[in-house]
Amino acid sequence: MKNKIIEAEDLTKIYKSVKAVDDISFSVEEGELFGFLGPNGAGKTTTIKMLTTLASVTSGKATVASYDVVKNPAEVRKSIGMVPQELTADDELKGIENLLLSAKLHHVSNASARKKAQDLLQLLELEGAAQRQVKTYSGGMRRRLQLAMGLIHEPKILFLDEPTLGLDIQTRQKMWAYIRQLNRENGITVFMTTHYLEEADSLCDRIAIIDSGVIKVSGYPYELKSKLGATILTLQIGDGVDISTTLSAIKDVDQVEKEGEVYRIKLGRTDALPAVVEAISKSRLKISDINLTKPTLEQVFLQITGNTMRDGAANGDSYGQRVLIERLK
Amino acid sequence: MFEDTLALTNRFLKKWIRNPAAMMPGLFMAIFWLALFGSSFNPVNLVPTQIGGTTLSPVLVEQIKAAITSVFGGAANYITFLTAGVITFVVIINAAYGGIDIVLDRQLGYLNSLLSAPISRASIFFSGVMQNFVKAMFIALLTFIVGFLLPNGLEVGSGFGVPNLIGIFVAFGLLTFGFSCLFTSLSYSVKQVDSLVAIVNFLAFPLVFMSSAIFPLGNFPSWLKGIAEVNPITTACETVRLLVVNGNLSPERLSTFAGNMLYLVIFAVAFAMIGYLIARRALKAE
Numbered sequence: 001m002k003n004k005i006i007e008a009e010d011l012t013k014i015y016k017s018v019k020a021v022d023d024i025s026f027s028v029e030e031g032e033l034f035g036f037l038g039p040n041g042a043g044k045t046t047t048i049k050m051l052t053t054l055a056s057v058t059s060g061k062a063t064v065a066s067y068d069v070v071k072n073p074a075e076v077r078k079s080i081g082m083v084p085q086e087l088t089a090d091d092e093l094k095g096i097e098n099l100l101l102s103a104k105l106h107h108v109s110n111a112s113a114r115k116k117a118q119d120l121l122q123l124l125e126l127e128g129a130a131q132r133q134v135k136t137y138s139g140g141m142r143r144r145l146q147l148a149m150g151l152i153h154e155p156k157i158l159f160l161d162e163p164t165l166g167l168d169i170q171t172r173q174k175m176w177a178y179i180r181q182l183n184r185e186n187g188i189t190v191f192m193t194t195h196y197l198e199e200a201d202s203l204c205d206r207i208a209i210i211d212s213g214v215i216k217v218s219g220y221p222y223e224l225k226s227k228l229g230a231t232i233l234t235l236q237i238g239d240g241v242d243i244s245t246t247l248s249a250i251k252d253v254d255q256v257e258k259e260g261e262v263y264r265i266k267l268g269r270t271d272a273l274p275a276v277v278e279a280i281s282k283s284r285l286k287i288s289d290i291n292l293t294k295p296t297l298e299q300v301f302l303q304i305t306g307n308t309m310r311d312g313a314a315n316g317d318s319y320g321q322r323v324l325i326e327r328l329k
Numbered sequence: 330m331f332e333d334t335l336a337l338t339n340r341f342l343k344k345w346i347r348n349p350a351a352m353m354p355g356l357f358m359a360i361f362w363l364a365l366f367g368s369s370f371n372p373v374n375l376v377p378t379q380i381g382g383t384t385l386s387p388v389l390v391e392q393i394k395a396a397i398t399s400v401f402g403g404a405a406n407y408i409t410f411l412t413a414g415v416i417t418f419v420v421i422i423n424a425a426y427g428g429i430d431i432v433l434d435r436q437l438g439y440l441n442s443l444l445s446a447p448i449s450r451a452s453i454f455f456s457g458v459m460q461n462f463v464k465a466m467f468i469a470l471l472t473f474i475v476g477f478l479l480p481n482g483l484e485v486g487s488g489f490g491v492p493n494l495i496g497i498f499v500a501f502g503l504l505t506f507g508f509s510c511l512f513t514s515l516s517y518s519v520k521q522v523d524s525l526v527a528i529v530n531f532l533a534f535p536l537v538f539m540s541s542a543i544f545p546l547g548n549f550p551s552w553l554k555g556i557a558e559v560n561p562i563t564t565a566c567e568t569v570r571l572l573v574v575n576g577n578l579s580p581e582r583l584s585t586f587a588g589n590m591l592y593l594v595i596f597a598v599a600f601a602m603i604g605y606l607i608a609r610r611a612l613k614a615e
């Protein structure tokens with residue numbers, strides 16, 4: 001069994017009267033890519049802030065790289081790399097200057113910093129832009145530079161707060177590839193928050209979904225999707241015969257709905273598919289269209305949070321709004 | 330800690346050097362104050378040449394002018410007196426507004442990147458102080474040069490030399506350092522640029538007006554004089570004037586100079602400590 005590199009136990013953060021994080025417990029194993037999902041104002045960033053020593057802990061306990069975030073913040077800071085959701089690379093400095101400054105602040109020797117900077121610039125395809133001021137960079141280049149800044153000191157754990165926020169799909173997929181490569185090849189533990197559910201599904205080994213400061217569910221993405229149960233099989237059969245009863249009798253077929261020529265069949269397990277096709281074939285009917293929809297993480301998310309993703313302060317969600325306001329104070 | 334402070338100070342200064350337009354307001358403020366205020370508000374210009382249709386004798390006019398100039402502590406003209414005051418005003422304003430970069434660092438999230446790095450809070454604070462200090466001292470030097478270049482401008486006493494110049498800039502430096510500490514700590518404490526501007530306006534102007542920066546203390550109301558006498562701006566201005574007007578310092582003046590410098594050192598150290606305590610509180614985990 002791998003070491004637990006991040007552990008939170010009954011972690012709580014209260015901003016004045018607002019409970020931003022409410023008694024959460026979770027752990028992340030060494031080398032894992034862990035996703036923290038939730039609507040805006042759910043408590044994701046507050047949790048990251050507590051784990052990276054930027055926010056105090058109201059109650060509970062958290063250890064990062066075996067160091068207590070409250071008792072030993074200096075050691076925690078030495079072990080982590082932080083890539084915030086804001087674009088924090090300095091506009092007036094060149095890309096390479098930002099990287100080397102970041103290395104200096106993490107006490108990396110000059111020679112080692114230069115070598116590491118070159119490697120990262122190459123990996124993140126920023127070599128050509130290294131000598132340019134960051135104000136000339138596109139959003140995607142800035143995000144990649146920030147990722148490099150978070151990695152220059154070779155941290156054990158990388159915290160990514162919304163690493164692909166605002167990026168187009170091509171750039172987002174490239175970022176995913178970089179993150180995957182860093183995690184698989186360099187063994188860096190990654191703790192990331194994201195809004196993009198397909199991002200969490202594609203990248204993360206395990207996820208936790210937080211809403212209103214409470215972890216609602218955590219586990220492997222496939223596990224959470226299969227808990228949701230339903231794979232939906234949609235069939236079009238055009239012979240005017242109703243075989244709903246036959247189909248309902250098949251093992252692991254949970255529900256059959258018929259609307260005109262279209263059957264919507266809810267399967268408890270995907271394994272039931274061949275039996276369904278065989279039953280139709282035995283009834284000497286012809287399938288004119290077939291579609292199999294597996295449950296998505298988005299469906300899991302919506303079922304758990306009971307909402308489409310909220311925009312915190314922007315759309316009047318009162319909890320998110322209160323958390324943001326208290327944090328800004 | 331020293332290397333971290335230096336690295337962060339370099340970052341601030343690189344940004345400043347790459348944006349020369351940012352230096353202009355400070356420089357223009359100095360020129361306007363010296364050239365426009367210094368010339369148009371020169372009290373000597375108020376001496377009339379006629380009263381009730383009677384022309385005053387030129388000798389009398391010159392005697393009145395000389396009497397007025399004498400309140401400037403031996404300065405040859407008002408601009409010579411005013412230069413020290415304008416420099417203190419300009420360095421305080423620059424040390425204060427240099428804090429805008431610090432507030433923006435917080436607003437843009439850069440400060441959080443620093444706070445999650447393994448560096449001491451003291452190095453974050455002192456890098457802010459040093460950037461404000463360097464910017465303000467650069468403007469002080471330019472203002473001093475402007476004072477010399479103005480017609481009927483800054484006139485130094487005979488025997489003025491490099492030691493005087495060093496003494497002048499050490500006095501300005503101590504004052505600037507103290508106020509940089511104060512304004513840097515306030516910059517780390519506020520979350521909006523507007524709040525910083527309000528604090529600067531609330532503090533900087535009264536501090537300057539309650540000192541001998543613009544006018545000698547002799548004619549101040551007694552309650553204001555008491556405040557002005559302990560104001561370190563007054564101490565810095567008087568020290569600089571002492572060194573400008575008197576090339577070589579007599580033993581008595583040397584003792585005044587030493588006392589003033591000690592006062593400024595105490596002020597700088599005290600404000601560094603107070604500033605650090607304020608900043609440390611502002612930089613602790615939210």
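So the sequences go chain by chain: A and B.
According to my numbering, the stretch in the first sequence is residues 1 to 329, in order.
According to my numbering, the stretch in the second sequence is residues 330 to 615, in order.
Note that the Cβ used here is the ideal one computed from N, Cα and C, for glycine as well.
From a predicted model like this one, the values you see are computed outputs, not experimental measurements.
Please confirm if B:Y439 has its CB atom under 8 Å from at least one CB of chain A.
Closer than 8 Å to some Cβ of chain A, the Cβ of B:Y439 qualifies, so yes.
Give the DSSP-derived three-state secondary structure of A:D337 in the structure shown.
Here chain A has residues from 1 to 329 only, and residue 337 of chain A is not among them.
The beta strand (DSSP E) spanning A:F191 covers which residue range?
A:F191 -> beta strand (DSSP E) spans 189-194.
Roughly how many angstroms separate the alpha carbons of B:S509 and B:A424, rounded to a whole number?
The straight-line gap from Cα to Cα measures roughly 5 Å.
So A:A8 and A:I24 are supposed to be a Cβ contact under 8 Å. How far apart are they, rounded?
6 Å between Cβ atoms; contact.
Is the segment 97-106 of chain A in contact with the segment 172-190 of chain A, if contact means three or more CB pairs nearer than 8 Å?
Too few Cβ pairs lie closer than 8 Å, so no.
On the three-pair Cβ rule with 8 Å, is the segment 464-478 of chain B touching the segment 544-557 of chain B?
Segments in contact, no.
What do you get for A:K135, buried or exposed, if any count of 16 or more other CB atoms within 10 angstroms of its CB means buried?
With fewer than 16 other Cβ atoms within 10 Å, it is exposed.
How many whole angstroms separate the CB atoms of B:V569 and B:A413, which I take to be in contact at a CB cut-off of 8 Å?
Right, the Cβ-Cβ distance comes to about 4 Å (below 8 Å), so this counts as a contact.
Flag A:L165 as yes if its beta-carbon sits less than 8 Å from any beta-carbon of chain E, otherwise no.
Although the question refers to chain E, the structure presented lacks it and instead comprises the protein chains A and B.
Using the three-state DSSP reduction, which class does A:L233 fall into: helix, strand or coil?
The answer is strand: DSSP assigns A:L233 an E or B state.
At a CB-CB cut-off below 8 Å, which residues of chain B make contact with A:A74?
Those within 8 Å of A:A74 in chain B are P447.
Using DSSP bridges, identify the partner residues of A:I290.
Partner(s): A:L235.
Which two residues bound the contiguous alpha helix (DSSP H) that contains A:T16?
For clarity, residue 16 of chain A is Lys in the given sequence; the question names Thr instead. Taken as a continuous stretch (DSSP letters only), A:K16 belongs to no alpha helix (DSSP H), as it is neither H nor E.
In whole angstroms, what is the alpha-carbon distance linking A:I179 and A:L165?
Roughly 14 Å separates the two Cα atoms.
8 Å is my cut-off, CB to CB: does B:L444 come that close to chain A?
So yes, B:L444 belongs to the interface.
Give every residue of the same chain whose Cβ lies closer than 8 Å to the Cβ of B:C566, excluding the five residues on either side of it in the sequence, and list them in chain order.
Cβ within range, chain order: A413, G414, T417, S540, S541, A542.
Could you please give the first and the last residue of the uninterrupted alpha helix (DSSP H) stretch that includes B:Q436?
That run of the alpha helix (DSSP H) goes 428-436.
Listing by chain order, which chain A residues have their CB less than 9 Å from the CB of B:N348?
Here the neighbours are E92.
Starting from the beta carbon of A:M141, find every residue of chain B whose beta carbon is closer than 9 Å, and list them in chain order.
Here the premise fails: no neighbours, minimum Cβ distance about 17 Å.
Kindly list, in the order they appear in chain B, the residues whose Cβ is closer than 8 Å to that of A:L54.
What A:L54 touches in chain B: N441, L444, S445, A614, E615.
Residues bridged to A:M82 by DSSP?
DSSP lists A:F159 as partners of A:M82.
Kindly confirm or deny that the segment 88-96 of chain A and the segment 152-171 of chain A touch, where touching means at least three C-beta pairs closer than 8 Å.
Because the criterion of three Cβ pairs below 8 Å is not met, the segment 88-96 of chain A and the segment 152-171 of chain A do not touch.
Rounded to whole angstroms, what is the Cα-Cα separation between B:F600 and A:T53?
Taking the straight line joining both Cα atoms gives about 28 Å.
Taking A:P84 and B:G438 to be in contact with their CB atoms under 8 Å, please state how far apart those CB atoms are, rounded to whole angstroms.
Confirmed, about 5 Å.
Determine which residues share a DSSP beta bridge with A:G219 and list them.
In DSSP, A:G219 forms a bridge with A:I207.
Among A:D239, A:I188, A:F301, A:V69, whose alpha-carbon lies nearest the alpha-carbon of A:H195?
Among A:D239, A:I188, A:F301, A:V69, the Cα nearest to that of A:H195 belongs to A:F301.
Pull up the DSSP beta-bridge partners for A:S27, would you.
Its beta-bridge partners are A:E7.
Can you name the residues of chain B whose CB is closer than 9 Å to the CB of A:E162?
Neighbours of A:E162 on chain B: none; closest Cβ ~12 Å, over 9 Å.
Cβ atoms of A:L197 and A:T239: under 8 Å apart, would you say?
Looking at the sequence provided, one finds Asp at residue 239 of chain A rather than Thr. Not in contact: A:D239 and A:L197 (Cβ atoms no closer than 8 Å).
State the Cα-Cα distance for the pair A:D254 and A:A272, rounded to the nearest angstrom.
So the two alpha carbons sit approximately 10 Å from each other.
Cα separation between A:E86 and B:T338?
Looking at the two C-alpha atoms, the distance is approximately 22 Å.
Within the same chain, show all residues whose beta-carbon is closer than 6 Å to that of A:Q146, passing over the 5 residues directly before and after it, in chain order.
Hits under 6 Å: V83, A89.
Could you give the first and the last residue of the continuous alpha helix (DSSP H) run that contains A:E278?
Run containing A:E278: 273-282, per the alpha helix (DSSP H) assignment.
Please determine, among A:G95, A:I243, A:S281, the residue with the shortest C-alpha to C-alpha distance to A:I265.
Checked all of A:G95, A:I243, A:S281; the closest Cα to A:I265 is A:I243.
Three-state secondary structure (DSSP) at A:E298?
Helix, per DSSP.
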